[in-house]
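Each protein sequence line maps, in turn, to chains F and E.
Per numbering that gives the first Met the number 0, the first sequence starts with residue 0, numbered consecutively.
Per numbering that gives the first Met the number 0, the second sequence starts with residue 0, numbered consecutively.
For each residue, glycine too, the CB sits at the ideal point set by N, CA and C.
No experiment lies behind these values; they were computed from the predicted model shown.
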Amino acid sequence: MGTVIAVISGKGGVGKTTTTANLGLGIAMNSKKCAIVDFDIGQRNLDMIIGLENRVVYDMVQVMDGDCTIPQAIIKSKVNENLHFLAASQTKDKSVLTSQKVEKLVKDLKASYDFVILDAPAGIESGFEHTIEFADEAIIVVNPEVSSIRDADRAIGILDAKSQRVKEGHDVQKYLIINRINPAMVQSGEMLKSDDILDILNIKLIGKIPEDKSIIDASNQGRPVVLDKKSEAGAAYIRVANRLCGKDVPFVDVEVTQASGVFKKLAGIFK
Amino acid sequence: MFGWFGKKQSANIAKDRLTVAIMTDRASNSEYPFMDELKAEIIEVVKKYIGVKEVAIKKEVDGELEALSIDIQLDK
């Protein structure tokens with residue numbers, strides 16, 4: 000029996016899909032079988048981020064409707080055989096989801112994978128509720144910015160009210176990822192510190208991801224940034240994936256502007 | 000708290016504003032599914048003794064402390 004993790008944010012555009020792709024691949028790199036599922040029906044994007052957009056034949060709605068089996072719809076990653084992907088439907092809308100159908104899909108996936116990661120749609124509507132309903136754990140992605148943090152708090156509130164685990168009297172473990180941290184701005188007091196965000200949201204921190212140009216470069220190519228050995232964001236995502244796999248990984252303070260930044264700039268001049 | 004030019008740093012302003020906004024959000028969005036039934040039952044109980052116009056239930060959070068505040072408006 001695997002662990003089902005919903006990746007949520009409330010606000011759109013904070014990096015949910017990027018997080019899903021990189022954690023999925025990072026977990027697969029730990030030799031764990033991992034399925035990543037795009038729940039953003041009508042706005043499919045995870046396929047692009049992992050470079051599998053040309054391989055999609057069946058989507059998760061067709062699996063739920065019994066038009067095909069999970070093995071028929073699953074697409075294996077080209078870069079790691081442990082990573083499997085299930086696409087969102089691009090033609091239907093969110094109303095096609097029902098609790099019954101989602102429960103069956105999630106349980107079937109849970110039976111054959113170590114980790115199942117569900118990429119939630121933005122917002123807190125029915126598509127979001129179905130994504131969190133049968134998840135064991137949730138990863139909340141925020142940017143250090145007021146609207147993202149406020150929306151995340153609303154999403155957490157709904158998670159605590161609508162999760163099946165909570166209704167059955169259990170806890171749903173919640174982890175926070177602070178994405179797009181700009182260390183220089185944190186240092187100058189122009190960006191919220193991680194500690195402040197943790198004070199406000201009051202959930203467990205599992206990762207801090209620095210703002211990194213290589214994220215765009217990675218999505219251009221459909222190759223998650225964890226494959227880029229030089230990327231700081233990639234290294235940060237690897238650390239989160241390792242933590243999820245039970246490894247004790249110390250936190251790196253990505254908010255401190257590194258002295259090595261000066262050397263990098265110098266090195267840049269001589270390129 | 001204040002930057003080099005005596006201007007309050009914007010991250011601190013963000014924290015203060017967020018803290019207030021989120022507290023207000025949490026209070027008005029308490030997600031208890033039984034809230035409507037609770038309201039109806041309270042009205043029934045109080046009505047036995049005195050006229051009730053309206054019942055308002057709010058969840059209030061102050062740090063670790065959570066409380067339900069119940070306002071019963073009497074029907075004169």
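Review point. If you draw a straight line from the C-alpha of Ile176/F to the C-alpha of Leu82/F, how long is it?
Key: If you number the first sequence from 1, residue 176/F lands on position 177. If you number the first sequence from 1, residue 82/F lands on position 83. Computed Cα separation, rounded: 21 Å.
Review point. Among Gly245/F, Cys244/F and Lys207/F, which residue has its Cα nearest to the Cα of Gly233/F?
Key: Residue 233/F sits at position 234 when you count from the first residue of the first sequence. Checking every option, the nearest Cα to that of Gly233/F belongs to Lys207/F.
Exercise for review: Just mark Ile196/F as buried or exposed, buried being the case when its beta carbon has 16 or more other beta carbons within 10 Å.
Suggested key: Stepping through the first sequence from its first residue, residue 196/F is reached at position 197. It is buried - the Cβ of Ile196/F has at least 16 other Cβ atoms within 10 Å.
Check your understanding: Per DSSP, what kind of secondary structure is Gly2/E in: helix, strand or coil?
Key -> Here residue 2/E corresponds to residue number 3 of the second sequence, with the count starting at 1. Residue placement at Gly2/E cannot be trusted, given a pLDDT of 47 that sits under 50; what the coordinates show is reported in the next sentence. The answer is coil: DSSP assigns Gly2/E none of H, G, I, E or B.
Point to revise | Contact under 8 Å by Cβ, Leu67/E with Ile56/E | key: Looking up residue 67/E in the second sequence gives position 68. Looking up residue 56/E in the second sequence gives position 57. Contact: yes.
Point to revise | Rounded straight-line distance, which links the Cα of Cys67/F to that of Asn142/F | key: Reading the first sequence from its first residue, position 143 is the one you call residue 142/F. Reading the first sequence from its first residue, position 68 is the one you call residue 67/F. Answer to the nearest angstrom: the Cα atoms are 38 Å apart.
Check your understanding: How would you call Phe1/E, buried or exposed, if buried means at least 16 neighbouring beta carbons within 10 angstroms?
Key -> Mapped onto the second sequence, residue 1/E falls at position 2. A caution first: Phe1/E carries a pLDDT of 49, below 50, which makes its placement in the model unreliable, though a value can still be read off. With fewer than 16 other Cβ atoms within 10 Å, it is exposed.
Check your understanding: Taking Cβ positions only, does Lys46/E come closer than 8 Å to chain F?
Key -> The residue given as residue 46/E occupies position 47 in the second sequence. So, not an interface residue.
Point to revise | Short CB-CB distance (under 8 Å) between Met190/F and chain E | key: On the first sequence, position 191 is the one that residue 190/F refers to. So yes, Met190/F belongs to the interface.
Point to revise | Reference Asp152/F, options Arg16/E, Ala13/E and Met22/E, closest by Cα | key: Along the first sequence, one-based indexing puts residue 152/F at 153. Nearest C-alpha to Asp152/F: Met22/E.
Check your understanding: Measuring CB to CB, does Cys244/F end up less than 8 Å from Ile26/F?
Key -> Mapped onto the first sequence, residue 244/F falls at position 245. Mapped onto the first sequence, residue 26/F falls at position 27. Yes, Cβ-Cβ distance for Cys244/F and Ile26/F is below 8 Å.
Exercise for review: For Met0/F, collect the residues of the same chain with a Cβ closer than 8 Å to its Cβ; drop the 5 residues on either side in sequence, then sort them by chain order.
Suggested key: Indexing the first sequence from 1 puts residue 0/F at position 1. The residues are Lys109 and Ala110.
Check your understanding: What residue range is occupied by the uninterrupted alpha helix (DSSP H) comprising Phe33/E?
Key -> Within the second sequence, numbered from 1, the residue matching residue 33/E stands at position 34. Segment: none, Phe33/E is in no alpha helix (DSSP H) and carries neither H nor E.
Practice item. Look up Tyr174/F in the DSSP assignment and give the residues it is bridged to. Key: For this step, residue 174/F is matched to residue 175 along the first sequence. In the DSSP output, where bridge partners are listed per residue, Tyr174/F has Ile138/F and Lys203/F.
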